[in-house]
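Written below as structure tokens is the structure these notes are about.
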Amino acid sequence: MRISKLYLLIALVTSGHAFAADLALTPWAPSLKAEAVAFLPNATERVAASTRDGLQLLDSKGAELARFNGNFSSLDTRAAGTQVLVASLDNDRQQALLISLDSASKNWGKPLYLPTRDYPVNGLCLYRDAAANLFVFLVGEEGKGEQWLVGNGSTLLTEAQRVRGVPLPPSAQFCQVDDATQQLVVNEENVGWWAYPAHPEADVKRTPVALFDTPKREAGAMALVPGGMVALDPKTARLHLFQQTGERWLEQSSLGLPGLKEPEQLAITGRQLLVRDDDSGKLYQARLDWQATPVAAAPVLPEVAALRQSDPVGRQGDAADDPAIWIHPETPAKSRVLGTNKKQGLLAYDLDGKLLQELAVGRLNNVDVRPRFKLGQQTVDMAVASNRDHNSLSLFSIDRQSGELREVGEVPTPLKEIYGICLFQPASGEIYAIANGKDGTFLQYRLSAPDGRVHGELVRQFKVDSQPEGCVADDQRQRLFIGEEDVGVWTVDARADQPATLTSVIKVGPQLHADVEGLALYQSDKHDYLVISSQGNDSYLVVDAEPPFAVHGGFRVGLNAAAGIDGASETDGLEVTAINLGGPWSQGMLVVQDGRKRMPEQTQNFKFVPWAEVTRALKLP
């Protein structure tokens, strides 16, 4: 009894063994001269890029339905409502372009051109994120790659914005993005295929899809399918089918392309496949009887956008760390955002993010503020920061009218590696500083300055088992929240004369990803929330600030295309206030440190987010 090729293929693939066979190819649109072809979402029409005939809308048999004249190569598409957005390379202008296509009316829109690059662009591909932002990746010679923001939803920007550079393999020519898993796959001709995170806020890293060390193979074009990848080897004229399992990719089967000498371009939708033979310039179609098992995508968290951002800090690398918000006692719009530069000192910004003051006092890590401190005969507001140069507390007075900061002293500590700091001010008015070290030790100091010089009296000491950093005090309930980076968040009595009994608020797990970093309290007449930096998945978690500490959900800070502000990621410190600061800050402000500054790429900074956006995103009561 004969076993069909299809049955044999399925049997061998599902058993985990790679299987080699030939794909049944038939010519498609023999008179078409196209460098690349892509399927449209309806799967009955295609778009072609041609050096001779421009961009063409084609029917299922290759007949032209509409044309945009020019000389084009490389191609990718994304559905956009009733339209399709098409990306290609204009060879005459040597520029990448985006153009909309209304497949119903058969009309092309106005093209959006990216600026001319200082390197040859070999290929491009599109990516749409969970917030419907549309990006294009450029693959260039000598390992040069870039990510550009080009639209949102079905609308193209009036001007493309460069988001970041992406270091790619030196001989890359092709790329594809899986929007669901946010993975960019790029070829390296003599090595194999690599997967990169596509999200602009992701860390730059790469994972091998398939690598080889023989000159008999070559990595060419690829097409991503849910859970897998179909890749061309032009040298052997074969298709390789890969299944993704976690971060690993396993080759499931290999299919020959009989009659093709130099298979170059590849397009797939469902089980339909088109491949171009560069030797003859002809296109061939086939039915691909293979489906990968879809990979479970990570939960999509809602996004909010920053409305303002601070000027970048004045040091390279991991420099910006922790913000604090000083509230002007009479005119909240004159309030200031303080931020630490752990390679330089303390910074002060206005509510538009403009740098107002820079106090170069050393490597400050965390900072907190409290009002009405008696500095001799003066009443000032106080900022206290942890100083890693001296393992001390650096203290700053804040003029209650002008907001000007002035260094007023230092309190030494016995900590070997001071890290975090927060302040506690009970109803009696005195100010306590709670500092922690990397070994888990917490020291609580009562601050005073009766003679105009600041003194710190050690009044309590306690310890957690591993490295902490973030902490915040609830002055009203005399409660302290502390973050143990790899464990979770604890609460403890903030009063110096009470035992330091730890009570768990939330542990590291599905919602809170280590490292646990900054902590802040949003306190209004209606609700009190604890906001936590979940650094491990570049998100922020909102939890009730009272037992049983119900979780309201997580969110991310995404890019603001209209304002030209990138998102935030790898956040160390954060701060929030419920005070009406005026304008967009009428329901308060959230400030987060941004560990990866994009669009343009600069030194780190701080992002300012209206709390109203968080309320909307999480549907907070």
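Quick note, the sequence shown lines up with residues -20 to -1, 1 to 601 if you use mature numbering (1 follows the signal peptide of the UniProt record, and there is no 0).
All C-beta atoms in this analysis are idealised placements derived from N, C-alpha and C, irrespective of residue type, glycine included.
Going by beta carbons, VAL364 and VAL349 fall inside the 9 Å limit. Here DSSP, grouped into helix, strand and coil, assigns LEU598 to helix.
DSSP places TRP565 in no beta strand (DSSP E); its state is neither H nor E.
In the DSSP assignment, ASP361 falls within the unbroken beta strand (DSSP E) covering 358 to 367. No Cβ-Cβ contact shorter than 9 Å links SER377 with LEU344. Contact between the stretch 228 to 248 and the stretch 15 to 22 is established, with three or more Cβ pairs separated by less than 8 Å. Collapsing the DSSP output to three states places LYS322 in coil.
Between the stretch 253 to 264 and the stretch 275 to 288 there are fewer than three inter-stretch CB-CB distances shorter than 8 Å, so the stretches are not counted as touching.
With at least 16 other beta carbons inside 10 angstroms of its own, THR57 counts as buried.
Cα atoms of GLU169 and GLY200: separation of roughly 6 Å, rounded to the nearest angstrom. If only complete runs of 3 or more residues are kept, the stretch 425 to 476 shows the beta strand (DSSP E) at 435 to 443, 448 to 454, 459 to 464 and 468 to 473, in order along the chain. Boundaries of the beta strand (DSSP E) around GLN223: 218 to 225.
Counting only unbroken stretches of 3 or more residues, the beta strand (DSSP E) elements lying wholly within the stretch 523 to 572 are 531 to 538 and 554 to 557, in sequence order.
Three or more Cβ pairs drawn from the stretch 287 to 305 and the stretch 582 to 589 lie within less than 8 Å of each other, which places the two stretches in contact.
The criterion of a C-beta distance shorter than 9 Å is satisfied by ASP454 and ALA525.
9 Å or more divides the Cβ of ARG440 from the Cβ of GLN458. Per DSSP, reduced to three states, the secondary structure at TRP270 is coil, with no helix or strand assignment.
Bridge pairing for PHE192: absent [DSSP]. In the structure shown, GLY389 adopts extended strand secondary structure according to DSSP, grouped into three states. Between TRP591 and GLY568, the C-beta gap is smaller than 9 Å, which places the two residues in contact. Counting along the chain, the unbroken beta strand (DSSP E) around ARG256 starts and ends at 252 to 257.
Checking the DSSP bridge columns, you'll see ILE411 partnered with LEU427. If you check the CB distance, VAL146 and LEU94 do not come in under 9 Å.
The beta carbon of LEU253 is closer than 6 Å to those of ALA266 and LEU268 in its chain, skipping five residues each way along the sequence. Using a Cβ-Cβ distance cut-off of 8 Å, the stretch 501 to 516 and the stretch 550 to 562 are in contact, since at least three pairs of beta carbons, one from each stretch, lie closer than that value.
For ASN371, the CB contacts under 6 Å within the same chain, skipping 5 residues up- and downstream, are THR393, LEU395 and ILE398 in chain order.
The three-state reading of DSSP puts ALA300 in strand, counting E and B together. Annotation for THR6: the continuous beta strand (DSSP E) segment containing it runs 6 to 8. Note that the C-beta distance between ARG142 and TRP128 is below 9 Å. Contact between the stretch 270 to 277 and the stretch 540 to 553 is absent: fewer than 3 CB-CB pairs across the two stretches fall below 8 Å. One alpha carbon belongs to TRP173, the other to PHE222, and they sit about 11 Å apart.
Residue environment: ARG433 is assigned as exposed (fewer than 16 neighbouring CB atoms within 10 Å of its CB, all protein chains considered). Closest by C-alpha distance to PHE529, out of GLN515, VAL189, ALA112 and VAL485, is VAL485.
In this structure, GLY575 sits near SER549, with a CB-CB distance shorter than 9 Å. Shown here, ALA84 sits in coil according to DSSP, grouped into three states, outside any helix or strand. Judged by beta-carbon spacing, VAL469 lies within the 9 Å limit of PHE461, meaning their Cβ atoms are closer than that value.
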